[in-house]
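Student:
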Amino acid sequence: MINGFDEFQKAGKDGMDMATKSFGAVSKGLQAIATEYADYSKKSIEQSTAAFEKMIAAKSPDKALEIQSDYMKSAYESMVGEFNKLSDMYMDLGKEAYKPYEGLAAKASGK
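Residues 127 to 237, numbered by the working numbering, are exactly what the sequence shown covers, in order.
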């Protein structure tokens, strides 16, 4: 009976260790994603402000339209690149959060 209790206690401790590792990975990943969002937002605002200032200083409507068009193209490309990067970060977050449980899944399928 004591042997069964020891196994139960070990399983509980192992589960808690896995949950702690998983939570640590999620916390670290979400912090990195939040930092990336903040950096992208800051960069985006700076770029839009610079483009607006250039448009205001343009000598003709054609030049202002050209500046706006160039800005929109670069903003779109930047946004798509950022979304791809964030998508990869979220996928990595999921993988890291699952890592502590990989051994458990292998044990369960092996029995």
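Note that CB positions come from ideal geometry on N, CA and C, so glycine has one too.
Being a predicted model, the structure only gives us computed values, none of them experimental.
1) Check this for me: beta carbons of I193 and M205, under 9 Å apart or not?
2) Determine the DSSP secondary structure at K243, reduced to helix, strand or coil.
3) Rounded to whole angstroms, what's the CA-CA distance from A164 to E208? Just pull it up for me.
4) Take A151 as the anchor and find which of G220, S195, L230, L212 has the nearest alpha-carbon.
5) Taking its Cβ as the centre, do 16 or more other Cβ atoms sit within 10 Å of A223, making it buried, or is it exposed?
6) Quick check on this structure: which residue in M142, Y166, G155, K169 has the alpha carbon closest to the alpha carbon of Y227?
7) Distance, Cα to Cα, M215 vs K189?
8) If we ignore side chains and look at the alpha-carbon of each, how far apart do S174 and K147 end up?
9) Counting only the same chain and skipping the five closest in sequence on each side, list residues whose C-beta sits under 8 Å from that of S200.
Tutor: Looking at the atomic coordinates:
1) M205 sits away from I193, with the two beta carbons spaced by 9 Å or more.
2) With the chain running from 127 to 237 in the structure shown, residue 243 is simply not present.
3) When rounded, the separation of the alpha-carbon atoms in A164 and E208 is 12 Å.
4) Checked all of G220, S195, L230, L212; the closest Cα to A151 is G220.
5) Answer is buried; the Cβ neighbour count reaches 16.
6) When each option's Cα is compared against that of Y227, the closest is M142.
7) Roughly 39 Å between the two C-alpha positions.
8) One Cα belongs to S174, the other to K147, and the distance between them is close to 41 Å.
9) Cβ neighbours of S200 within its own chain (closer than 8 Å, five residues either side excluded): Q173.
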